[in-house]
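Following the working numbering, the numbering of the sequence shown begins with -17 at its first residue and continues without gaps. Ideal Cβ positions, reconstructed from N, Cα and C, are used throughout, including at glycine. Written out below as structure tokens is the structure these notes cover.
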Amino acid sequence: MNIVYILGNGLDKAQGLATGYPDFYNYLLSDSTECSRLLKIMKEYISDDNELWSDMEEALGNFTEMSKDSVEFEQFYYELSDYLQNYLNQEEAKFTSSKELKDKFEIDLAAPNRHLGEIDKQRFSSYTRKYTQNKDISIITLNYTNTIETILSMTDFKEKSIINSSIVLRSLYHLHGRLGDSIIIGVDNDAQIANLSFRENEDIKDLLLKEQSNRAMQNIGQYKCEQIINNAQVIVLFGVSLGETDARWWQLIGENLMRRNDLVVIEHLYLPDAVRSTRRQKLGSLDRSATRRLLRKMNITDIGRIEDIANRLFFVFNSDAFRL
């Protein structure tokens, strides 16, 4: 069985790291170093009202209207990238793992159904029981940090067995780049670039369009990620916001759900104030709301297929997955 984990900033936050966009924004505001005209403007333009990195990236696409000079914008882009790398490096340095966390992380990887409710576990099994006990696991991280490598006690990724020889962690891809290397801060498509002249500027698109940026850097990882998703039987979303600046990936999952019947998707959601232990009846409403949202993000609109696809979507709320 091919299992794919797509991990976002929620993974780092689960380890106690202050890697949210508001944390970075406050770091920018507190920095007194002389900065460019555009960065000064951006500090006011993109406020801490934006809770998610995807919100910031969307705002960055709109912010392109603040410059008519592509050279100035390119310098600003790399300046912003340097600030972000510096901040995340500081946060990453605070993180230490443990054998207990590594063991828990590997257990959660090996059993994607572990945190499902009892009825959903049975439903999940009805889709996956036909597969052998062998599990090939791939991780696609949207994070720049090396948190996963630290947890797994590896500097650079190497294929390894976890739990037992039938469960293999095959691959780990940093889809948006990695600290110490080039990182991608950008949008999904040129319609998200407000400056019309920049939409026609290939140099700017090499910076802002995530897919084109990977191509410009000769990164084959995004194509490997497409193949991994296209061959998955189980996809687990953890700590991701389903932001529009990564729309192509949610839509790719949707295309696979439409095209074949051997794929199920599990999404972990963290809504600590939405469910109390004494009011668990609310889980039904939350599940229906999450289903509608995920179908919309995956661009699934075929009325005749929605019920079948919705039956292959599973949701986990406020679990302790990937944390002690």
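Neighbourhood of residue i by C-beta, 8 Å cutoff - its chain only, sequence neighbours within 5 removed
| i | result |
| --- | --- |
| Glu33 | Gly2, Tyr3 and Pro4 |
| Asn125 | Leu(-11), Gly(-10), Asn(-9), Leu(-7), Asp(-6), Thr1, His156 and His158 |
| Leu253 | Leu268, Phe299 and Asn300 |
| Glu47 | Ala176 and Asn177 |
| Val257 | Lys264, Leu265, Leu268, Phe299 and Asn300 |
Straight-line Cα distance separating residue j from residue i
| i | j | result |
| --- | --- | --- |
| Ile202 | Asp163 | 15 Å |
| Gln57 | Glu40 | 19 Å |
| Ile23 | Asn8 | 15 Å |
| Asn183 | Ala198 | 14 Å |
| Gly221 | His250 | 7 Å |
| Gln67 | Ile285 | 44 Å |
| Ile119 | Gln104 | 21 Å |
| Arg270 | Ser52 | 45 Å |
| Tyr205 | Gln194 | 12 Å |
| Asp64 | Lys264 | 44 Å |
| Leu42 | Leu239 | 31 Å |
| Lys117 | Ala92 | 8 Å |
| Leu(-1) | Thr283 | 37 Å |
| Asp290 | Arg242 | 11 Å |
| Leu10 | Lys76 | 19 Å |
| Leu191 | Phe55 | 14 Å |
Contact set for residue i: own chain, Cβ-Cβ below 6 Å, skip 5 residues either direction
| i | result |
| --- | --- |
| Gln115 | Ser148 |
| Tyr109 | Val246 |
| Ile121 | Tyr(-13) and Leu154 |
| Ile210 | Val(-14) and Ser120 |
Close beta carbons around residue i, own chain, < 7 Å, minus the five adjacent residues each side
| i | result |
| --- | --- |
| Glu82 | Leu306 |
| Leu62 | Leu21 and Ile167 |
| Glu208 | Leu234 |
| Glu88 | Ile144 and Ile145 |
| Ile133 | Ser79, Leu83, Lys84 and Phe87 |
| Asn281 | Gln233 and Gly236 |
| Asn44 | Ala176 |
| Thr260 | none |
| Ala303 | Asp90, His97, Phe220 and His250 |
| Leu70 | Thr1, Tyr126, Thr127 and Leu161 |
| Ser18 | Gln57, Phe58 and Glu61 |
Buried versus exposed, by CB contacts within 10 Å (16 or more), residue i
| i | result |
| --- | --- |
| Ser14 | exposed |
| Pro94 | buried |
| Asn(-16) | buried |
| Asp177 | Note on identity: in this sequence residue 177 is Asn, with Asp being the wrong assignment. Per the 10 Å Cβ criterion, buried. |
| Glu74 | buried |
| Tyr(-13) | buried |
| Gly225 | buried |
| Ser36 | buried |
| Ser135 | exposed |
| Leu151 | buried |
| Gln200 | exposed |
| Gln(-3) | buried |
| Thr12 | Correcting the residue type first, residue 12 is Ser in the shown sequence and not Thr. Answer is exposed; the Cβ neighbour count stays below 16. |
| Asn196 | buried |
| Ile101 | exposed |
| Ser107 | exposed |
| Ser179 | exposed |
Distance cut-off 7 Å: residue i Cβ against heavy atoms of the ligand ATP
| i | result |
| --- | --- |
| Leu10 | The ligand ATP is not part of this structure, which contains no ligands at all. |
**Message:** For the structure I just gave you, are there three or more beta carbon pairs, one from the segment 258 to 275 and one from the segment 225 to 235, closer than 8 Å?
**Reply:** no
**Message:** Does the structure place the segment 215 to 227 close enough to the segment 242 to 260 that three or more beta carbon pairs sit under 8 Å?
**Reply:** yes
**Message:** Quick check: the segment 139 to 146 against the segment 162 to 178, are at least 3 beta-carbon pairs closer than 8 Å?
**Reply:** no
**Asked** So, do the segment 149 to 157 and the segment 175 to 191 have three or more beta carbon pairs nearer to each other than 8 Å?
**Response** no
**Asked** In chain order, which beta strand (DSSP E) runs of at least 3 residues are fully inside the segment 237 to 303?
**Response** 246 to 251 and 295 to 299
**Item:** Whole beta strand (DSSP E) elements within the segment 117 to 186, 3-residue minimum
**Value:** 117 to 123, 142 to 144 and 146 to 156
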